[in-house]
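Enquirer:
In the working numbering, the protein residues as written are 464 to 616.
(1) Measuring only the C-alpha atoms, how far is residue 552 from residue 515?
(2) Hey, quick one: how far does the alpha helix (DSSP H) through residue 583 stretch, first residue to last?
(3) So, with DSSP's three-state summary, where would you put residue 533?
(4) So, for residue 569: in the same chain, excluding its five sequence neighbours on each side, which residues have a beta-carbon less than 8 Å away from its beta-carbon?
(5) Kindly indicate the opening and closing residues of the alpha helix (DSSP H) around residue 500.
(6) What separation, rounded to the nearest whole angstrom, lies between the Cα atoms of residue 487 and residue 493?
(7) Using the C-alpha atoms, what's the distance from residue 519 back to residue 508?
(8) Cutting at 7 Å between CB atoms, please list the residues of its own chain near residue 586, excluding the five before and the five after it.
(9) I think residue 592 touches residue 558, with their Cβ atoms under 8 Å apart; what is that distance to the nearest whole Å?
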């Protein structure tokens, strides 16, 4: 009976079939409940559909949390790599030290750096060669990128 008694402004409007169907909230309620009113779906089907929607929302929320955690971990990895590079530059680590891919190995190297003092630092020309060569590579890449940008203008 709720569908039959409509105010005049709704009845006179040919674009509106049901009261307040122009708002998203009521439109979604009608789309959800209308098949049940017409006996097209059962209450169990409706409950199952609501459960699926609830679980999909939960999955989206968990995926967003996972993406946030992964981005945080990536920031930590980049920061740890920068600390290791800085330790190599300062002579706390040998110049042939490579930054490992495994996080536990990175933590081991960072712990060994933390245990050292500035008196143990042995900066040398060899330890400075690594950042200088990296700087040269970056400058070369910058020049190439600038040339590519100027070509596409």
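Where a beta carbon is used, it is the ideal one built from N, C-alpha and C, also for glycine.
It should be emphasised that the depicted structure is a prediction, and the values quoted were computed from it without experimental measurement.
Expert: Put simply:
(1) 55 Å
(2) No alpha helix (DSSP H) contains residue 583, which DSSP labels as neither H nor E.
(3) helix
(4) 540, 543, 544, 547, 562 and 563
(5) 487 to 500
(6) 10 Å
(7) 16 Å
(8) 553 and 554
(9) 7 Å
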